[in-house]
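Numbering (the working numbering), first residue to last: 992 to 1135. No residue lacks a Cβ here, since even glycine has one placed at the ideal position from N, Cα and C.
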């Protein structure tokens, strides 16, 4: 399985770096920063520096449509909190998978995702985007 973690709508550099540490820490080598602004955009070089140190990759896109066109994933999963129309995260298929997490305090919605994407949660409790990502990657690593 070829997994890319995409952090969408992020303005805080410390928060972006936290997503990167979780992503790379669980063995995912590709992180995409999508719709980056504020201090995260101004100091994005710090993210590239971290990626270089750990042997990771960084991709930067203006929006999720650009990410979808460039990576051509087999599946896009928007990781969010539990709610209506949101299913528990199941086993992911072999192939190219993009896991999208919200970089802001607002959860990602189906409207923001590309057509055919699904919304899922890793844990029922509201642990925030970084927590959902960490638990999802931990579970995927244990299964794989």
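- A Cβ-Cβ contact shorter than 8 Å links residue 994 with residue 1088.
- A direct Cα-to-Cα measurement between residue 1111 and residue 1093 gives close to 13 Å.
- Beyond the five residues adjoining it in sequence on each side, residue 1037 comes within less than 8 Å, by CB distance, of 1004, 1008 in the same chain, given in chain order.
- Residue 1110 is bridged by DSSP to 1069.
- Counted as a single uninterrupted DSSP element, the stretch harbouring residue 1121 is not any beta strand (DSSP E) but the alpha helix (DSSP H) occupying residues 1119-1134.
- Secondary-structure assignment with DSSP links residue 1093 through a beta bridge to 999.
- In the DSSP assignment, residue 1052 falls within the unbroken beta strand (DSSP E) covering 1048-1052.
- Shown here, residue 1098 sits in coil according to DSSP, grouped into three states, outside any helix or strand.
- For residue 1027, the uninterrupted beta strand (DSSP E) run begins and ends at 1021-1027, by DSSP.
- Here the alpha carbon of residue 1058 sits roughly 18 Å from the alpha carbon of residue 992.
- Listed as beta-bridge partners of residue 1088 by DSSP are 994, 1066.
- Look at the beta carbons and you see the segment 1074-1086 not touching the segment 1044-1058: under three pairs across the two are nearer than 8 Å.
- Under the Cβ criterion (8 Å, minimum of three pairs), the segment 1069-1077 does not count as touching the segment 1025-1041.
- Only buried fits residue 1064, as 16 or more other CB atoms lie within 10 angstroms of its CB.
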